[in-house]
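Undergrad: Going down the list, the protein sequences come from chains A and B. The first sequence begins at 90 in the numbering used here and counts up one residue at a time. The second sequence begins at 300 in the numbering used here and counts up one residue at a time. Don't be surprised by glycine CBs; every beta carbon is placed ideally from N, CA and C.
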Amino acid sequence: MKQVRDINKQIKKTKSKFILFSVIGLLIIFTASILAFQYHRHFINQQKTIQVLYKTFNDQIYIMHEMTLIGEKIPYLESEEKKSKTINQFKTLTLALNEKNKVLKKWFSLRQGNLGVNSGSFQDKQELKKKIESLILKTEKLAQHPPQTIEAVKNEISYLTTHLQSGFDDIFAFFDTHVNAQYQSTLVTLDKVGILLIILCIVEIFLVWLLVFKPLFSMVVNQQERFVDTLFEANTASRSKTDFLANISHEIRTPMTSILGYVDLLKSKPNHTKEELHSFLQVIDKNASHLLSLIDEILDVSKIEAGKIDIKKEAVDLPKLLNEVYSLINVKAREKKIYLEFKNEGQIPKIVHTDPKRIKQILFNTVGNAIKFTEENGRVELVVSYNPELKDNLCFRVIDTGLGIPKDKVNKIFKPFEQSDTSNSRKFGGTGLGLALSRGIARKLGGNITIESSEVNKGTTFKITLCANIVGEYSLLERFSTNVEQNPDSNGLDKDKQLYGKKILVVDDAFENARLFKIFLTKAGAETDVATSGVEALNLTQNNKYDLVLLDLQMPGLDGFEVLRELRKMSFDNPILALTAHAMDEEKQKTKKAGFDGHISKPVKYDELVEHVRSAQRRQA
Amino acid sequence: MLNAKNNFKDEKPAEGLEDFTVEFCNNRIVEIDYLTSQLQQKKFSEIKSLSHKWKGFSSPYGFHHLEKIAHELHSKSQNEDYESCKNLIQEASEYLKQKQLLLGDQIETSPGH
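#1: Kindly indicate which three-state DSSP category A/Leu-300 falls into: helix, strand or coil?
#2: Is it buried or exposed, A/Phe-119, if we count other Cβ atoms within 10 angstroms and call 16 or more buried?
#3: Just to check my reading of the structure: A/Lys-701 and A/Ile-689 have Cβ atoms closer than 8 Å, yes? What is that Cβ distance to the nearest angstrom?
#4: So, for A/Lys-694: in the same chain, excluding its five sequence neighbours on each side, which residues have a beta-carbon less than 7 Å away from its beta-carbon?
#5: Are there any heavy atoms of the ligand ADP lying less than 7 Å away from the beta-carbon of A/Leu-605, as far as the coordinates show?
#6: How long is the line joining the alpha carbons of A/Ala-626 and A/Leu-555, rounded to whole angstroms?
#7: Just mark A/Arg-301 as buried or exposed, buried being the case when its beta carbon has 16 or more other beta carbons within 10 Å.
#8: Mark B/Thr-408 as exposed unless 16 or more other C-beta atoms lie within 10 angstroms of its C-beta, in which case mark it buried.
#9: Compare the Cα-Cα distances from A/Lys-401 to each of A/Leu-381, A/Val-441, A/Glu-364 and A/Pro-445 and report the closest residue.
#10: For chain A, is any of its Cβ atoms less than 8 Å away from the one on B/His-364?
#11: I need the straight-line Cα distance from A/Lys-496 to A/Glu-386, nearest angstrom please.
#12: Below 6 Å CB to CB, which residues in the same chain sit around A/Thr-680 once its five sequence neighbours on both sides are set aside?
#13: Mind checking the region 628 to 644 of chain A against chain B and listing, in chain order, the residues whose C-beta falls within less than 8 Å of any C-beta there?
#14: With DSSP as the reference, label A/Lys-194 as helix, strand or coil.
#15: Quick one, are the C-beta atoms of B/Glu-366 and A/Pro-692 less than 8 Å apart?
#16: At least one CB of chain B closer than 8 Å to the CB of A/Asn-725: is that the case?
#17: Check whether the Cβ of B/Gly-361 lies closer than 8 Å to any Cβ atom in chain A.
#18: Is it a yes or a no for the region 620 to 636 of chain A touching the region 319 to 333 of chain B, going by three-plus beta-carbon pairs under 8 Å?
#19: Return the bridge partner residues of B/Tyr-360 from the DSSP annotation.
#20: In terms of residue numbering, what span does the alpha helix (DSSP H) encompassing A/Asp-618 cover?
#21: I want to verify the contact list: residues of chain A whose CB lies under 7 Å from the CB of B/Ser-358, in sequence order.
#22: Is DSSP giving A/Val-693 helix, strand or coil here?
#23: Using a beta-carbon distance cut-off of less than 8 Å, what residues from the region 313 to 333 of chain B approach chain A?
#24: Can you check which of these residues, A/Ile-559, A/Lys-104, A/Lys-498 and A/Ala-603, is closest to A/Ser-542 by C-alpha distance?
#25: According to DSSP, is A/Ser-338 helix, strand or coil?
#26: Using Cβ-Cβ distances below 8 Å, what residues of the region 331 to 356 of chain B are close to chain A?
#27: Can you list, in chain order, the residues of its chain whose CB lies under 7 Å from that of B/Leu-316, leaving out five sequence neighbours each side?
#28: If I measure Cβ to Cβ from B/Lys-308 and keep anything under 7 Å in the same chain, skipping five residues before and after, which residues do I get?
#29: Starting from A/Tyr-695, find everything on chain B with Cβ-Cβ shorter than 9 Å and list it in chain order.
#30: Is DSSP giving A/Thr-362 helix, strand or coil here?
#31: In the DSSP assignment, the alpha helix (DSSP H) including B/Asn-325 goes from what residue to what residue?
#32: Of all the options A/Thr-275, A/Glu-216, A/Asp-258 and A/Thr-181, which has the alpha carbon lying nearest to the alpha carbon of A/Leu-231?
#33: With 16 other CB atoms within 10 Å as the buried threshold, where does A/Gly-396 fall?
#34: Three Cβ pairs or more, each shorter than 8 Å: is that satisfied between the region 585 to 596 of chain A and the region 636 to 648 of chain A?
#35: Between which two residues does the beta strand (DSSP E) harbouring A/Cys-484 extend?
#36: Is the separation between the beta-carbon of A/Asn-663 and that of A/Gln-709 shorter than 8 Å?
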């Protein structure tokens, strides 16, 4: 909508510009045309006048010529009749000459003595003026008092030809020279004016094109292209939604089919064994949970698209949250023999202000994806870092050695309803919503999700940033890690190697207990030594570097408490856990007060033992 | 008195300890003789100490019932209850014999404690 409003504004602006330019242009051309027209008219009038003058002068010269002819005939006139006729002819000619001079006089008086010629010197013009005035005067006088005798005619003719003829010649010559020059000059000027008018028109047309039509055209073309792109996107989105519906339908049908199938099995056969029942219910439960997650995802994506996702921030123990996510997601990793580790890069805060549920959602999606698209024996790491100087200060990098994402699919995978590969033969399943959802949530939390790098068949690194400020006292962790290297054990022991690389000392006088702990700890990947007395324990500690000591409390000779004190005196700072069959709180308080780093109540199960040891290690970290 | 005539077939040791159950059973049978002699000498502290150990390691080796007996024996020996201790030691002995049969192995007769 904003785009449409912008375009309307532009069109109105262009329209105003067009009108303005048109008006200005027309005014200029109109003014120039009027001026040119006026000038032209003036020129024409001037030419007309000059034509009249020329004609007048020509007529006068003709009359003068006639008069000269009469003069030439006079000596040969014999009869009085002929002489009288000649006198009358002369009178007629003088009257005609006077009439012509009246035109000249009128022109002269109209111009108030101005010759109307731009060129020529002032002196020349003054002399010419005198000549014209003299000519006019003389012919007036002659007309008023025409000669009555043939002698008088002869004298007048003689005078006229002597004095006026040259005057006429001069006047004619003057006008001939200067009027012609003026004429040429005026023509040139008219030409220039004409050319100027044409140039003005061209410039105006150019300006209108440049400032009005060209931008308008570009805008229309751009808009057209945008409409086409939008239409294409809409069609693509429509196709994607169709694909999505097909995917979703498949994703829903598959678990529903399982559920219904197993329900039928339960109904069909009344007596199932306990194991069968348990197995069936597990499958139903798993598929129902999957369906529920799918529905939640779809709803969340819809909320994000509508801008209505709910965020509830609180103080969150970041290491604890990461451990929880790790514990759950490591199950999937272990199934595929994938090494999974969460660790930090630089200091990270202990408590941050954020939405724990949404962070878990993001991590489950992104790390889950990494595991999904990494083959067996691959590697997935989550690296946490914190930069308080940035707005999106909390950063998670999910690094895998998986399939990678082709460059042309990188932008596609963040769009809802789209996956890198939407063909029916895709082997990984999924709805194509996880990343879109995660990105929407990350943005709501003040950050983003991007692909930092990806190479086909080498792996991908996703970068997740969030805004999560430190809560309370400024407390940072130097080191956080959830796992150690998994080493596929060739002697057939359990693949769970959560304590791999750790060296642990078990101190218990009951060798069966010690053996029990040794077997459990070795199974978990630790290198284990056994001491059956306090003294033996101290000797072993002096000669070996242990990461942790499990210490029985009740032993003959040095008991557990005494061994603890001696170990601390030896600067043994690593965790020491108490082993005892006493499980009461008082006993736990006692061991805590004595300085033990933990309390393990016997009998202990394998998982509990491993968890106790790992917790102690993490606390120390 | 705890019932020693249960079916203990379902008692399984923790993974990795299967190979040590026979040895464990043998060692406990030897300790039964020791407990009997300590009881006769009314050395309840020894009985308490040994039953305390039994509490700590019986279950992982798959001797869950022995753990229960050990809890009771520990408590009774603390109270210096002769008769109860005697009965419990007897019960433990019968239980271990059943386990021995279940484990399908001959135990060497103990040379005495």
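TA: According to the structure data:
#1: Three-state DSSP puts A/Leu-300 in a helix.
#2: Classification for A/Phe-119: exposed.
#3: Here the sequence assigns His to residue 701 of chain A, which means Lys is not the residue at that position. Right, their Cβ atoms sit about 5 Å apart.
#4: So the list is empty, once near-sequence residues are dropped.
#5: No copy of the ligand ADP appears in this structure; indeed no ligand is present at all.
#6: Computed Cα separation, rounded: 48 Å.
#7: The identity of residue 301 of chain A in the sequence shown is Val, whereas the question assumes Arg. Answer is buried; the Cβ neighbour count reaches 16.
#8: Residue confidence is low: B/Thr-408 scores 43 on pLDDT, short of 50, so the model does not pin down where it sits. Its coordinate-derived value is still stated next. By the 10 Å Cβ count, B/Thr-408 comes out exposed.
#9: Of the listed residues, the one whose Cα sits closest to A/Lys-401 is A/Pro-445.
#10: With 8 Å as the cut-off, B/His-364 does not count as an interface residue toward chain A.
#11: Their backbone Cα atoms lie some 26 Å apart in a straight line.
#12: Counting only Cβ-Cβ distances below 6 Å, and skipping sequence neighbours, we find Ala-667 and His-688.
#13: Residues passing the 8 Å Cβ filter: Gln-643.
#14: A/Lys-194 falls in the helix class under three-state DSSP.
#15: Cβ distance < 8 Å, so B/Glu-366 and A/Pro-692 count as in contact.
#16: This structure does not reach residue 725 of chain A, given that chain A is present from 90 up to 710, and the question cannot be answered.
#17: Output row for B/Gly-361: interface = no.
#18: Contact between the region 620 to 636 of chain A and the region 319 to 333 of chain B is absent: fewer than three C-beta pairs spanning the two stretches fall below 8 Å.
#19: Per DSSP, none; premise fails for B/Tyr-360.
#20: Counted as a single uninterrupted DSSP element, the stretch harbouring A/Asp-618 is not any alpha helix (DSSP H) but the beta strand (DSSP E) occupying residues 616 to 620.
#21: Result: Pro-692.
#22: Reduced to three states, the DSSP call for A/Val-693 is coil.
#23: So the close ones are Ala-313, Glu-314, Gly-315, Leu-316, Phe-319, Phe-323 and Asn-326.
#24: For A/Ser-542, the nearest C-alpha among the options comes from A/Lys-498.
#25: Helix at A/Ser-338.
#26: Among the residues of the region 331 to 356 of chain B, those with a Cβ less than 8 Å away from any Cβ of chain A are Ser-348, His-351, Lys-352, Lys-354, Gly-355 and Phe-356, in the order of the chain.
#27: Cβ contact annotation for B/Leu-316 (same chain, cutoff 7 Å, sequence separation greater than five): Pro-359 and Tyr-360, in chain order.
#28: The answer, listed in chain order, is Leu-401.
#29: At a C-beta separation below 9 Å, A/Tyr-695 has these neighbours in chain B: Ala-313, Glu-314, Gly-315 and Pro-359.
#30: The answer is coil: DSSP assigns A/Thr-362 none of H, G, I, E or B.
#31: 320 to 339 is the span of the alpha helix (DSSP H), which, as asked, contains B/Asn-325.
#32: Distance from the Cα of A/Leu-231 is smallest, within the candidate group A/Thr-275, A/Glu-216, A/Asp-258 and A/Thr-181, for A/Thr-181.
#33: Counting Cβ neighbours within 10 Å, A/Gly-396 comes out exposed, since fewer than 16 surround it.
#34: Output reads yes: the region 636 to 648 of chain A touches the region 585 to 596 of chain A.
#35: For A/Cys-484, the enclosing beta strand (DSSP E) stretches over residues 483 to 489.
#36: Yes, they are a contact pair.
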